[in-house]
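So the sequence lines, in the order shown, correspond to chains S and L. Each residue of the first sequence is one higher than the last, beginning at 63 in the working numbering. Each residue of the second sequence is one higher than the last, beginning at 63 in the working numbering. Built from N, CA and C at the ideal position, the CB exists for glycine as well.
Protein chains: 2
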Amino acid sequence: MVQIEQDILGKNDAIAAENRKRFHQANQLVVNLVSSPGSGKTTLLTETCRRLANDRVVVIEGDQETANDADRIRETGVRAIQVNTGKGCHLDAAMIGSACDRLDLDQGELVIIENVGNLVCPAGFDLGERHKVAILSVTEGEDKPLKYPDMFAASNLMLVNKVDLLPHLNFDVQACIDNARKVNPEIQVICTSATSGEGMDEWIDWLQKQR
Amino acid sequence: MVQIEQDILGKNDAIAAENRKRFHQANQLVVNLVSSPGSGKTTLLTETCRRLANDRVVVIEGDQETANDADRIRETGVRAIQVNTGKGCHLDAAMIGSACDRLDLDQGELVIIENVGNLVCPAGFDLGERHKVAILSVTEGEDKPLKYPDMFAASNLMLVNKVDLLPHLNFDVQACIDNARKVNPEIQVICTSATSGEGMDEWIDWLQKQR
Numbered sequence: 063m064v065q066i067e068q069d070i071l072g073k074n075d076a077i078a079a080e081n082r083k084r085f086h087q088a089n090q091l092v093v094n095l096v097s098s099p100g101s102g103k104t105t106l107l108t109e110t111c112r113r114l115a116n117d118r119v120v121v122i123e124g125d126q127e128t129a130n131d132a133d134r135i136r137e138t139g140v141r142a143i144q145v146n147t148g149k150g151c152h153l154d155a156a157m158i159g160s161a162c163d164r165l166d167l168d169q170g171e172l173v174i175i176e177n178v179g180n181l182v183c184p185a186g187f188d189l190g191e192r193h194k195v196a197i198l199s200v201t202e203g204e205d206k207p208l209k210y211p212d213m214f215a216a217s218n219l220m221l222v223n224k225v226d227l228l229p230h231l232n233f234d235v236q237a238c239i240d241n242a243r244k245v246n247p248e249i250q251v252i253c254t255s256a257t258s259g260e261g262m263d264e265w266i267d268w269l270q271k272q273r
Numbered sequence: 063m064v065q066i067e068q069d070i071l072g073k074n075d076a077i078a079a080e081n082r083k084r085f086h087q088a089n090q091l092v093v094n095l096v097s098s099p100g101s102g103k104t105t106l107l108t109e110t111c112r113r114l115a116n117d118r119v120v121v122i123e124g125d126q127e128t129a130n131d132a133d134r135i136r137e138t139g140v141r142a143i144q145v146n147t148g149k150g151c152h153l154d155a156a157m158i159g160s161a162c163d164r165l166d167l168d169q170g171e172l173v174i175i176e177n178v179g180n181l182v183c184p185a186g187f188d189l190g191e192r193h194k195v196a197i198l199s200v201t202e203g204e205d206k207p208l209k210y211p212d213m214f215a216a217s218n219l220m221l222v223n224k225v226d227l228l229p230h231l232n233f234d235v236q237a238c239i240d241n242a243r244k245v246n247p248e249i250q251v252i253c254t255s256a257t258s259g260e261g262m263d264e265w266i267d268w269l270q271k272q273r
């Protein structure tokens, strides 16, 4: 079993390395949004697209089923492509390579990948992205970085999302950040809400600085 | 790859069949709680345990890391055991068989399994349980049954949880139920909140009727 797993991951890593080289050569920034289902990734992403609509951004949406999310993104005027994984629990590097071929990317584009909602499996699959960005909704509880450490260890940035709901919840933002830094001392953190707009400028700035 | 997947699932199914036989012979009801991370499974479960504490109930907790959840259950006076899956994204039948050996179950006990928070992978792994119960928090969005159909197709009951937060959200409960019934026309539904107590009597009644 360990050998099979190593073979699958080894093959994925080789394709991810090709993706990364291609993105680097074309000066494209690729970020991979990872989270539980229902963390608010798509709502945050539609608001992000609205703010960046004329600034060379494309989206790759991953879901087991439905094209709902790509439809939501296209409504903002941004190009989007949906990848359905069927029984699969994560996007892999080959899916991203193929999606990029179909998108016919331009030099310098920002490619935002929304992975399948899953705090476990996508952590192990390099897509060739520059950064993984973990999104954690304040409705989920501040213990999640400790219970799903691989994902937070693999991410460069954590967005603590839906902070507009904090008045209605028992959620300790600082404890959540402390937990994330226990598994990844370097992780950056921005508190966001697409509903109230809190943190959106900071998140957009973060993206633009990486380009 | 398909062959390997079939072998893994075939082996799991064989152990699950042994578990099921053993549970049936000892008149034990086993339910498997499945959901995203942060759906409120553990809080719902601690409240369930408080209400059933003297009624032969034990809990098996699954998480990648930490023993936090089993600790929370034990505080209610209910026996609990923690299974850490490490890199693994789901509990499997062998883990449950082994946990039941260690728990030294009595005749007629209710065994509640809290699976790893993951709306994808646990759907494919039979543990020998009588029922899967899918928990969906109203913070997650009503589209989740369509986007993660396997889990809702595999479950007999859906708990629409954290309904105390409905006044602060845009969440259409009926649309959520309609979506769940598109992928599983037979699925039963109870709206619950461990915080307000809504639906808890109905959920406890449902459990007791299965015994």
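Alpha helix (DSSP H) segment containing residue i, residue limits
| i | result |
| --- | --- |
| SER160(L) | 155-165 |
Minimum Cβ-Cβ distance from residue i to chain L less than 9 Å
| i | result |
| --- | --- |
| GLN68(S) | no |
| VAL96(S) | no |
| SER199(S) | yes |
| LYS194(S) | no |
| CYS151(S) | yes |
| ASN180(S) | yes |
Exposed unless 16 or more other CB atoms sit within 10 angstroms - verdict on residue i
| i | result |
| --- | --- |
| LYS194(L) | buried |
| GLN270(S) | exposed |
| GLY261(S) | buried |
| GLY170(L) | exposed |
| GLU237(S) | It is Ala, not Glu, that sits at residue 237(S) in the sequence shown. The residue in question, ALA237(S), is exposed, as its Cβ has fewer than 16 Cβ neighbours within 10 Å. |
| ASP131(L) | buried |
| PRO247(L) | exposed |
| ILE77(L) | buried |
Reference residue i, options the options, closest by Cα
| i | options | result |
| --- | --- | --- |
| GLN90(L) | GLY190(L), SER255(L), PHE233(L) | GLY190(L) |
| ILE266(L) | GLU204(L), LEU172(L), GLU176(L), GLY186(L) | LEU172(L) |
| TYR210(L) | GLY100(S), HIS86(S), ASN74(S), ILE70(S) | GLY100(S) |
| VAL140(S) | VAL119(S), MET157(S), GLY148(S) | VAL119(S) |
| ILE252(L) | SER199(L), ILE143(L), LEU165(L), LYS206(L) | SER199(L) |
| ALA156(S) | PHE187(S), LYS244(S), THR201(S) | PHE187(S) |
| GLU204(L) | ASN74(L), LYS244(L), ILE77(L), ILE135(L) | LYS244(L) |
| ILE174(S) | ASP168(S), GLU80(S), ALA142(S), LEU231(S) | ALA142(S) |
| GLU80(L) | ILE66(L), GLN68(L), ILE158(L) | ILE158(L) |
| CYS151(S) | ILE239(S), GLU176(S), ASP263(S), ILE66(S) | GLU176(S) |
| CYS162(L) | VAL121(L), THR110(L), ILE249(L) | VAL121(L) |
Extent of the continuous beta strand (DSSP E) run through residue i
| i | result |
| --- | --- |
| GLU123(S) | 119-125 |
| ARG112(L) | Counting along the chain, ARG112(L) falls outside any beta strand (DSSP E), though it belongs to the alpha helix (DSSP H) covering 103-114. |
| ARG136(L) | Segment 130-136 is the alpha helix (DSSP H) holding ARG136(L); no beta strand (DSSP E) there. |
| GLU176(S) | 172-176 |
| ASN146(L) | 141-146 |
| LEU181(S) | Premise fails: LEU181(S) is in no beta strand (DSSP E) and is neither H nor E. |
| ALA196(S) | 193-199 |
| VAL235(L) | Taken as a continuous stretch (DSSP letters only), VAL235(L) belongs to no beta strand (DSSP E), being part of the alpha helix (DSSP H) at 235-245. |
Residue i at chain S interface by Cβ criterion, 9 Å
| i | result |
| --- | --- |
| TRP240(L) | The sequence as given places Asp at residue 240(L); Trp does not occur at that position. No, ASP240(L) lies away from the interface with chain S (no Cβ there is under 9 Å from its Cβ). |
| THR110(L) | no |
| GLN126(L) | yes |
| GLU202(L) | yes |
| PRO99(L) | yes |
| PRO247(L) | no |
| LEU208(L) | yes |
Near the ligand NAD: residue i beta-carbon under 8 Å from a heavy atom
| i | result |
| --- | --- |
| ASP267(L) | The ligand NAD is absent from the structure shown, which contains no ligands of any kind. |
> Can you find at least 3 beta carbon pairs, one from the region 87-100 of chain S and one from the region 194-204 of chain S, that sit closer than 8 Å?
Replying inline: yes
> With contact counted as at least three CB pairs below 8 Å, one residue from each stretch, are the region 75-84 of chain S and the region 126-139 of chain S in contact?
Replying inline: no
> When the Cβ atoms of the region 200-218 of chain L are set against those of the region 109-122 of chain L, are three or more pairs found closer than 8 Å?
Replying inline: no
> Does the count of Cβ pairs from the region 246-259 of chain S and the region 224-238 of chain S closer than 8 Å reach three?
Replying inline: Counting Cβ pairs under 8 Å, three or more are found: they touch.
> Listed from N- to C-terminal order along the chain, which residues in the region 153-178 of chain S have their beta-carbon within a distance smaller than 9 Å of any beta-carbon of chain B?
Replying inline: Here chain B cannot be found, since the structure's protein chains are S and L.
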